[in-house]
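Each remark here refers to the structure printed beneath this line.
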Amino acid sequence: MNAASPTLEVRSLAKRFPPRNGQAEAPWILADLDFSVATDEFLTMVGPSGAGKTTLLNIIAQVDAASGGEITFRGEAMNPVSGTLKPGWGCQIGYVTQDDNLLPWRTLIDNVTFPLRVQGRLDDAAMERVTTLMRTVNLVGFERYYPHELSGGMRKRASLIRTLAYDPPIILMDEPFGAVDAQTRTALQQDLLRLWNLGRKTIIFVTHDIGEAIALGDRCLVLSRSPAKVVAEHRITIKRPRDLSNVYKLEGFGDLYELVRKELL
Amino acid sequence: MTAVAKALPGRRSLRAWIPAGRVALAVAFFALWQMGSEMLGKEWLPGPVLTCERIWSLVMTGQLARDTLVTFGEAALGMAIGGIGGALLPFLLRLSPRLMKALEPFLMAAFGVPKLALAPLFILWLGIGMPTKVVFVASIVFFLMFYNGMAGVLSIDPRLVAMARVAGAKHWVISREIVWNTTMPFLFAGLKIALPRSLSGAVVGEFIAADAGLGWYINNSRSLNDTTGVLAGVVVVTTLVILVNAALQKTQVRALAWRPMSRDMTI
Amino acid sequence: MNLRLTTDRIVIFVVLIAFWQLCSLEFGQHWFSSPLKFVDKFVELGLNGEIVFHMTYTVKAAIFGFLVGGIPGALLPFVLRRLPVVNAILDPYFIAGYGVPKLALAPLFVLWFGIDLEPKVALVASIVSFLVFFSTMAGVQSVNAQFVSMARVAGANESHIARHIVWPGAIPYSFAGFRIAAPYSIGAAVVGELISSNRGLGYMIQAGATDFDTTTVFVSLGTLTMIVVLVNICVAHAERWLLRWRPRTGAGAAWVPGA
Numbered sequence: 001m002n003a004a005s006p007t008l009e010v011r012s013l014a015k016r017f018p019p020r021n022g023q024a025e026a027p028w029i030l031a032d033l034d035f036s037v038a039t040d041e042f043l044t045m046v047g048p049s050g051a052g053k054t055t056l057l058n059i060i061a062q063v064d065a066a067s068g069g070e071i072t073f074r075g076e077a078m079n080p081v082s083g084t085l086k087p088g089w090g091c092q093i094g095y096v097t098q099d100d101n102l103l104p105w106r107t108l109i110d111n112v113t114f115p116l117r118v119q120g121r122l123d124d125a126a127m128e129r130v131t132t133l134m135r136t137v138n139l140v141g142f143e144r145y146y147p148h149e150l151s152g153g154m155r156k157r158a159s160l161i162r163t164l165a166y167d168p169p170i171i172l173m174d175e176p177f178g179a180v181d182a183q184t185r186t187a188l189q190q191d192l193l194r195l196w197n198l199g200r201k202t203i204i205f206v207t208h209d210i211g212e213a214i215a216l217g218d219r220c221l222v223l224s225r226s227p228a229k230v231v232a233e234h235r236i237t238i239k240r241p242r243d244l245s246n247v248y249k250l251e252g253f254g255d256l257y258e259l260v261r262k263e264l265l
Numbered sequence: 266m267t268a269v270a271k272a273l274p275g276r277r278s279l280r281a282w283i284p285a286g287r288v289a290l291a292v293a294f295f296a297l298w299q300m301g302s303e304m305l306g307k308e309w310l311p312g313p314v315l316t317c318e319r320i321w322s323l324v325m326t327g328q329l330a331r332d333t334l335v336t337f338g339e340a341a342l343g344m345a346i347g348g349i350g351g352a353l354l355p356f357l358l359r360l361s362p363r364l365m366k367a368l369e370p371f372l373m374a375a376f377g378v379p380k381l382a383l384a385p386l387f388i389l390w391l392g393i394g395m396p397t398k399v400v401f402v403a404s405i406v407f408f409l410m411f412y413n414g415m416a417g418v419l420s421i422d423p424r425l426v427a428m429a430r431v432a433g434a435k436h437w438v439i440s441r442e443i444v445w446n447t448t449m450p451f452l453f454a455g456l457k458i459a460l461p462r463s464l465s466g467a468v469v470g471e472f473i474a475a476d477a478g479l480g481w482y483i484n485n486s487r488s489l490n491d492t493t494g495v496l497a498g499v500v501v502v503t504t505l506v507i508l509v510n511a512a513l514q515k516t517q518v519r520a521l522a523w524r525p526m527s528r529d530m531t532i
Numbered sequence: 533m534n535l536r537l538t539t540d541r542i543v544i545f546v547v548l549i550a551f552w553q554l555c556s557l558e559f560g561q562h563w564f565s566s567p568l569k570f571v572d573k574f575v576e577l578g579l580n581g582e583i584v585f586h587m588t589y590t591v592k593a594a595i596f597g598f599l600v601g602g603i604p605g606a607l608l609p610f611v612l613r614r615l616p617v618v619n620a621i622l623d624p625y626f627i628a629g630y631g632v633p634k635l636a637l638a639p640l641f642v643l644w645f646g647i648d649l650e651p652k653v654a655l656v657a658s659i660v661s662f663l664v665f666f667s668t669m670a671g672v673q674s675v676n677a678q679f680v681s682m683a684r685v686a687g688a689n690e691s692h693i694a695r696h697i698v699w700p701g702a703i704p705y706s707f708a709g710f711r712i713a714a715p716y717s718i719g720a721a722v723v724g725e726l727i728s729s730n731r732g733l734g735y736m737i738q739a740g741a742t743d744f745d746t747t748t749v750f751v752s753l754g755t756l757t758m759i760v761v762l763v764n765i766c767v768a769h770a771e772r773w774l775l776r777w778r779p780r781t782g783a784g785a786a787w788v789p790g791a
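Protein chains in written order, with the numbering used here: chain H, 1 to 265; chain B, 266 to 532; chain P, 533 to 791.
Next up, the structure:
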């Protein structure tokens, strides 16, 4: 990468879990994983299911420890192997997980403002930002609803803006749109791009869907099967703002898609 | 998303403390008991030594054996009667959902009444001999088994039944395969609770109406202000109930090996 | 509620009363009293305040015991959650304690605390505390690890997690314990009174039986049943309100009798 100082740098990251009973050695999930992300870049990562994408994000978010390697965030060493974990790295790394993880006993608005509340930052300016976000994703009017009263797509949106509301400089996303139907997925992707346009920030978006990776990202990394490492990198030159209903027809999309598909085999 | 690493006692150093801690706690308990006895006087709190001596003398005179047998007998008989009735009724009720729904509030009311409150009535009708206790224990066990049996019957998956019907199974085959197998774990859970309850039920029943048995011994000692006797009796009953519980725990594991671990919160 | 169900229930009620009257005629009013005498006595004791007097005593014992036992029982699991080693050490003792039949301790409590309200409160508290403790513990241990993780990433500290994640998640379990304990409290209070008391519904039952006054016994039992039913209804309403965030699953909403 030719950015002056990338926001996040991952070097030789390796991870394996403790061996099960009867196993001599556990297999490596990640090995020799290198990549970096520039500030305000939308980076997508594609890999087959089970390749360790979630593990990778867990390590970056400091939810899990690594077995080897280094990570540097904004010049600061994160010590993923030794040292105690600091989930979220002081609220600087946001994490949108596969499951929406909304607290079922809280209303929609309480869920969205939850991080702001525990961080003690829920002031008028923050509430305004929340309202704008809610409007952007069409959740206005549902503030007092409980999660079980909302559709899957609405819960996903809530989970998204919950992280965006407290504005961490870098956001990790783990196949956030995997569990919804195709139409909802396209709408959510469009919402995400719209939100990203509102306030550019660094995003690492992990998916198994090649089309999604190309349509959303500035740059796309291809991960191999276990043990996962970066096997290819593609700069995506499709101009922004992108219309997701049309992007698939644009010049270059089809060729890139084929290329990545072959790399994943 | 993997679970956050918690500071569980998974580290060897911490784990080793646990059995040591338990032993220490037991020792501390007995020490406190003895000290409390010395401070408060043995009329109020007889110490562990005194209590053991009393238990020993009861064993020697054979009274412990006699009383235990009486209590066990009442428990067993009540268990058998109440258990069979309570376990069968759900299967019968299952045949008429309409009756089941109609009976619901009455059953709820009956559940809530403490069975011991009926004891004086039983005494009035049956005297203070064995039948009273048996009826009392039976009433406790009946409701327990009924409750569990009902839960089991209601949990029968109607889709399984429909599938069996489509496949041509006769009514009694469905009963045997699906109804019985679905309800069995619930009945077992009920048994597990009912067994120690029948024992303690017999004891408590004897508080009110008896002239023999462990419960009679406890209450009689109380009326004579014989604290040592009360404590001795309580210790014996407690030990018996704990032993029964432990024995049941072992048998259950073997009998229900085919089930994925249930999270049933048997209260 | 649909008409057919209500008529069915009325029919059953009438059948029960008729059965009672039959037994009364067959075996004699001395043994069974009768529906009419029941109503008579109920009105008499209701008007002269006796029922209320004894009822208050029993309910007071039950409520005090419920609070004295329930509150520590509900709070302890949250404390133990932060001290896993202590929890592991105490665990077998808790289970053994749960196995001890508390009602069998009633004479001991009477010997220690006298024949007034205290032994009944102690008895009720001992039963309720274990029930509530174990249910709350199950709730605390079932905390969703993903929620905790999410909260940590969002910047929550331990106090936040306890308040916003563990506590609300454990409430349904804790409440189940309270729900089961509620009728038990009344029952335990009555048991305490049966063994030794000069007041309360249990006393009324015992005294009635001793005097061969079957009618009074039935009246007290009837009052007791009504209280229990009322308690169950209140608890059901409280639960519905407290857990209004929960989806009403069809299968789960079924059989929950009081005991």
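All residues carry an ideal CB built from backbone N, CA and C; glycine is no exception.
| Runs of beta strand (DSSP E) wholly within the region 479-516 of chain B (minimum 3 residues, chain order) | none
| query | In terms of residue numbering, what span does the beta strand (DSSP E) encompassing H:Phe177 cover? | reply | Taken as a continuous stretch (DSSP letters only), H:Phe177 belongs to no beta strand (DSSP E), as it is neither H nor E.
| task | Look up H:Met45 in the DSSP assignment and give the residues it is bridged to. | result | H:Val206, H:Leu221
| query | So, helix, strand or coil for H:Leu8, using DSSP? | reply | It is a strand residue.
| said: If we define contact as Cβ-Cβ less than 8 Å, is P:Val795 a contact residue for chain H? | reply: With chain P covering 533 to 791 only, the question about residue 795 of chain P has no answer from this structure.
| query | Between the region 461-476 of chain B and chain P, which residues of the former have CB atoms less than 9 Å from a CB of the latter, in chain order? | reply | Considering only beta carbons, the part of the region 461-476 of chain B lying closer than 9 Å to chain P consists of Pro461, Arg462, Leu464, Ser465, Gly466, Val468, Val469, Phe472, Ile473, in chain order.
| alpha helix (DSSP H) containing P:Ser566: first to last residue? | First-last for P:Ser566: undefined, no H or E at that position.
| Extent of the continuous beta strand (DSSP E) run through H:Tyr166 | Premise fails: H:Tyr166 is in no beta strand (DSSP E) and is neither H nor E.
| said: Looking at chain P, is there any beta carbon in it that lies within less than 8 Å of the beta carbon of B:Phe371? | reply: yes
| request: Give every residue of the same chain whose Cβ lies closer than 7 Å to the Cβ of P:Pro604, excluding the five residues on either side of it in the sequence, and list them in chain order. | output: Ser661
| query | What did DSSP end up calling P:Phe744 once you bin it into helix, strand or coil? | reply | coil
| Using CA coordinates, which residue listed in H:Pro104, H:Ile109, H:Glu41, H:Phe42 is at the minimum distance from P:Ile697? | H:Pro104
| task | Kindly list, in the order they appear in chain P, the residues whose Cβ is closer than 7 Å to that of B:Ile507. | result | Ala628, Gly631
| request: May I ask you to list, following chain order, the residues of the region 668-685 of chain P that have a beta carbon less than 9 Å from some beta carbon of chain H? | output: Correct list: Asn676, Gln678, Phe679, Ser681, Met682, Ala683, Arg684, Val685.
| field | Min CB distance P:Ala770 to chain H below 8 Å | value | no
| query | Going by beta carbon distance, what residues of the same chain come within less than 7 Å of B:Phe387, once the five residues before and after it are set aside? | reply | Thr397, Val400, Phe401
| said: At a CB distance below 8 Å, what residues from the region 421-442 of chain B approach chain P? Give them in sequence order. | reply: none
| message | Quick check for students: name the residue ranges of the alpha helix (DSSP H) that lie wholly in the region 360-416 of chain B, counting only runs of 4 or more. | response | 362-377, 384-391
| task | Could you tell me which residues DSSP pairs with H:Leu122 in its beta bridges? | result | None, per the DSSP bridge assignment.
| Of all Cβ atoms in chain P, is any one closer than 8 Å to the Cβ of B:Ala281? | no
| query | Out of curiosity, what's the CA-to-CA distance linking B:Thr492 and B:Glu308? | reply | 6 Å
| query | Residues bridged to H:Lys68 by DSSP? | reply | The sequence shown places Gly at residue 68 of chain H, rather than the Lys named in the question. Per DSSP, H:Ala14.
| query | In this structure, what does DSSP give as the bridge partners for H:Ile236? | reply | DSSP output for H:Ile236 lists no bridge partner at all.
| Buried or exposed by the 16-neighbour rule on C-beta atoms within 10 Å, applied to H:Trp89 | buried
| said: Just to make sure I have the definition right: I need the residues of chain P whose C-beta is within less than 8 Å of the C-beta of B:Leu381. Which are they? | reply: Leu635, Gly719, Val722, Val723, Leu726
| Closest Cβ-Cβ distance between H:Tyr145 and chain P: below 8 Å? | Chain P, which has no Cβ nearer than 8 Å to the Cβ of H:Tyr145, makes this no.
| request: List the residues that DSSP assigns as beta-bridge partners of H:Trp73. | output: Sequence inspection shows Phe at residue 73 of chain H; the Trp mentioned does not correspond to that position. Answer by DSSP bridge pairing, in chain order: H:Leu8, H:Glu76.
| task | Just the C-alpha distance for P:Asp475 and P:His562, rounded to the nearest angstrom, thanks. | result | Since the displayed chain P opens at 533 and closes at 791, residue 475 of chain P lies outside it and no answer follows.
| task | Please check the pair P:Ala714 and P:Val763, which I expect to be a contact at CB under 8 Å, by giving their CB distance rounded to whole angstroms. | result | 5 Å
| said: I want to verify the contact list: residues of chain H whose CB lies under 7 Å from the CB of P:Trp777, in sequence order. | reply: Within chain H, Pro104, Trp105, Tyr146 have C-beta atoms less than 7 Å from the C-beta of P:Trp777, given in sequence order.
| task | Report yes or no: is there a C-beta of chain H within less than 8 Å of the C-beta of P:Gly734? | result | no
| request: Would you check if the distance between the CB atom of H:Ile204 and the CB atom of H:Phe253 is smaller than 8 Å? | output: Against a cut-off of 8 Å, the Cβ pair of H:Phe253 and H:Ile204 comes out as no contact.
| Within the region 85-112 of chain H, ranges of the beta strand (DSSP E) (whole runs, at least 3 residues) | 93-96
| Does P:Thr746 have its Cβ less than 8 Å from a Cβ in chain D? | Structure shown: chain D not included; protein chains present are H, B and P.
| task | Taking C-beta pairs closer than 8 Å, name the residues in chain P that H:Gly88 reaches, listed in chain order. | result | Going along chain P in sequence order, the residues near H:Gly88 (Cβ under 8 Å) are Arg684, Val685, Ala686, Gly687.
| Leaving out five residues before and five after P:Gly732 in sequence, what residues of the same chain have Cβ atoms less than 6 Å from its Cβ? | His586, Tyr589, Thr590, Glu725
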